[in-house]
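Mapping of the sequence shown onto UniProt numbering: position 477 corresponds to residue 477, and the numbering continues sequentially without gaps.
A virtual CB, placed ideally from N, CA and C, is assigned to each residue, including glycine.
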Amino acid sequence: MTESEFKALLDSRSLHLTNEQWEAIREPGPALTIYAGPGSGKTTVLTLRAAYLHLVRKIRPEQIVIFTFTRKSAKELQARLGSFLPPLKNVIAGTFHSLFLHWLMREKHINPKLWSAQEQRAAIVTVLTELRLPTHQEARDQYVQSVSKLKNLMQEFNRDNLIDTHTRQTLKVWERYEQLKRDHGRFDFDDILSEFYQTIEHDLDFRKRLQDMISVVMVDEFQDTSQIQWLSIILLCKQKIPLTVVGDDDQSIYRFRGAKPDILAAFEHSFPTTKTIVLKHNFRSTDPIIQLATEVIEQAATRKQKPFTGVVGSGIQPSLSCHQTEWAEALQVTHEIAHLVRINTHSIAVLARTHRQLICVVDALRKNRIAIQPLDPQLDLYRDYHVQRLLCVLRATQCTSDATEQDHMEARLEYGKWRQDSLKQPKLATSIDFDRFLQKMRHSTAKTAIDVARAVYDPYLWRARKNRGNDGTLERLYLLYEQASDDQSLSQWLTDIDTVIAQSQQRQVHSTQIQLLTFHAAKGLEFDHVFIIGLHAHAIPHQRAMVEAHNEYDRQQILDEERRLLYVALTRSRFRLSLHYAQTVLQQRTEVTPYLKPLLQKVSFTSSASDETDLWNHQSKFAIPTPGTVLFHKIFGRGKVISVDSMQNAGHKVCIIFNGRDRKCFYWEILQQLGHLSVSTDRGKGIRQ
Ligand SMILES: Nc1ncnc2c1ncn2[C@@H]1O[C@H](COP(=O)(O)OP(=O)(O)OP(=O)(O)O)[C@@H](O)[C@H]1O
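Structure (structure tokens):
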């Protein structure tokens, strides 16, 4: 095929390329950098360049290698190449991990026994336990990430080399983890990269065999390449194989894996003869979306400017809505999505900074029977251990039939356990207590029921967790608490939950399936309508990411990375961008992310939140006594409050002196709910001090 025939082929498929795109497709040089913003056709150009090289330059497809950042984008690329006419079936497209492993297995007969992500996490927990460090999910994930980052940055065990955020502890964890891995004769995913790098550096025969097999290398999303991946590519290609890299420093979002936005500049340094082509047009989004996203990214502390104009033209102004809680936010988003689904709109996505933030929307969409793409099970609120325990007791309050006798028994035992432990008075945890509890709950509203149940469960949990408080693993339980309202009976609320659970078990394929993704997972994708939720100041920049900042330089780097993440999310939308945040999140008051705060006049802003955000105030339900208050206890008689302590997320501990000598402490909310205590109108009469 000649060049003009190729161009005619693209025209016949309504692909009218810009001059820069066309130049990028046919550039013959040994090194090429394609540098551009979101939606400018980088991936499109990469695909067409592979087609051009095969059809016009007669390079065999199996000699063209394209590195992608995720398996999903590798599949997407292969699908695009496969649907080309004529189809390009054998182009080698894959992630660094998969291609490096493939070559190691084929050429070096290395067949490592890989640790799954789950096994890797378990190994880290073993090491943390051994070193007497916290093992909860957040700590574990942080160490998994830190170890991976060290390996991707090619750090040594030498402490002097630890220029980044590596504390003594991370180093110890890393050393022990490596030892454990060696003892078991296993590999982790990062070892694939290290092994490949070592082999291609030292084994010249291996390097040559690869170079003979490959005619062209292209790297998509180059800004997210880690040090070890980049050095491996240099060894593979330099002066032997033409290399094209495609990237956007504004979309560099994998700092935690060792990626740096300035890698594009490093490429120009390593390949000084490289030709750089800048794609200047955004083909994806309407002008108001591009303008908002550009204003966000332009505030980054360090950034290379690039020219950028939209091709689509004018469109709807992005909207920003403030809600009282995450549940209210989810309800509104679901309401808007339901409307879009009714008018037969496909291509809808809901994006959030973290998985946890998507839970309420998942729930609300399922409640409204709106189909969603299969999800990570961790987005299922009702799979959570604590949520299940609480619901098991609440469900028993609604059961009367024999069929549920077993559940009833379980609930009774569970409830007894909470009371026994929290009150330290086993005798009180009798069936009479439970029956009274059931009676009280049977006709309550969902909110009252939750208040009663948590007044027993929270102190129990608080003790069981050895005063650790909320370390992030109870977030789902608190979401359940927040979900209950006074507008619904307990029975109706539980029925709604059953609907959601039933819906989550259905495996039907619908024509419209809403995609729910984190900002990271949304990279490279595009949708007509994008809802971005959780845009509050605690989530963006993410509080946990900020923990890694040990000095001002780190802090600025992380702030810029979080800004880029938001930029990636904003630029996924073609036509409509609907932005949301809640004013109260997990009982804490918050506000809009600082990245959007200066831009409020650029969006159409609405707020349904009120100034009164005291949603979780037990005090409104059960007035908390002050020292000196006189009370009457059913068993111990009259007493006087001597101290009141507030416990984090677990109500109040009240110490009372009875008959001037018996000092007893109670969980105030529990005893109030059970009706064991009442405030005496008799101000201290008859009480000995
Ligand atoms: N010359 C063109 N004419 C019309 N549409 C185009 C052209 N080039 C690209 N597009 C379209 O623009 C959209 C964005 O393209 P693509 O996904 O390749 O961009 P990208 O630069 O890789 O985006 P991102 O960096 O955000 O992942 C796609 O829908 C693509 O089909």
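{"Query": "Uninterrupted alpha helix (DSSP H) stretches inside the segment 517 to 558 (no shorter than 4 residues)", "Result": "519 to 522, 543 to 546"}
{"Query": "Ile532 burial status per 10 Å Cβ neighbour count (16 or more: buried)", "Result": "buried"}
{"Query": "Length of the line joining the Cα atoms of Asp384 and Leu391", "Result": "11 Å"}
{"Query": "Cβ contact check for the segment 243 to 255 and the segment 214 to 228: 3 or more pairs under 8 Å", "Result": "yes"}
{"Query": "Backbone CA spacing between Glu5 and Val311 [nearest angstrom]", "Result": "26 Å"}
{"Query": "Where Asn152 falls: helix, strand or coil (DSSP)", "Result": "helix"}
{"Query": "Residue from Asp645, Leu599, Phe666 with nearest C-alpha to Leu631", "Result": "Phe666"}
{"Query": "Beta carbon of Gln299 nearer than 7 Å to that of Asp188", "Result": "no"}
{"Query": "As assigned by DSSP and simplified to three states, the class of Ala349", "Result": "strand"}
{"Query": "Three CB pairs or more closer than 8 Å across the segment 591 to 607 and the segment 308 to 327", "Result": "yes"}
{"Query": "Rounded straight-line distance, which links the Cα of Leu104 to that of Lys208", "Result": "13 Å"}
{"Query": "Exposure label - Ile343; buried when at least 16 CB within 10 Å", "Result": "exposed"}
{"Query": "Secondary structure of Arg284, DSSP reduced to three states", "Result": "coil"}
{"Query": "In DSSP terms, what Ile34 is bridged to", "Result": "Val246, Ile277"}
{"Query": "Residue burial classification, His408 (beta-carbon count within 10 angstroms, cutoff 16)", "Result": "buried"}
{"Query": "Any non-hydrogen atom of ligand 1 within 6 Å of Leu17 CB", "Result": "yes"}
{"Query": "Rounded distance between the beta-carbons of Tyr567 and Val296, thought under 8 Å", "Result": "6 Å"}
{"Query": "Inter-residue CB distance, Glu475 and Arg356 (contact presumed, cutoff 8 Å)", "Result": "6 Å"}
{"Query": "Bounding residues of the beta strand (DSSP E) (the contiguous stretch that carries Gln583)", "Result": "573 to 585"}
{"Query": "Check: Lys113 C-beta below 6 Å from any heavy atom of ligand 1", "Result": "no"}
{"Query": "Per-residue DSSP class, three states only, for Gln513", "Result": "coil"}
{"Query": "Spatial neighbours of Tyr254 in its chain, beta-carbon cut-off 7 Å, leaving aside the 5 residues before and after", "Result": "Asp224"}
{"Query": "Nearest-angstrom Cα separation, counted from Arg106 out to Asn467", "Result": "For Asn467, the predicted structure reports a pLDDT of 48, less than 50, and the residue's modelled location is therefore unreliable. The matter cannot be settled from this model."}
{"Query": "Nearest to Asp376 (by Cα), restricted to the options Leu279, Val362, Glu552", "Result": "Val362"}
{"Query": "Thr495 (DSSP reduced to helix, strand or coil)", "Result": "helix"}
{"Query": "Endpoints, alpha helix (DSSP H) assigned at Gly82", "Result": "71 to 82"}
{"Query": "Three-state class that DSSP yields for Lys238 in the structure shown", "Result": "coil"}
{"Query": "CB contact flag (Leu77, Ala51, <7 Å)", "Result": "no"}
{"Query": "Buried/exposed call for Leu516, threshold 16 Cβ in 10 Å", "Result": "buried"}
{"Query": "Backbone CA spacing between Gly469 and Tyr460 [nearest angstrom]", "Result": "Any reading at Gly469 must be qualified, since the residue scores a pLDDT of 44, below 50, and its modelled position is unreliable; the value itself is stated next. Cα-Cα distance, rounded: 12 Å."}
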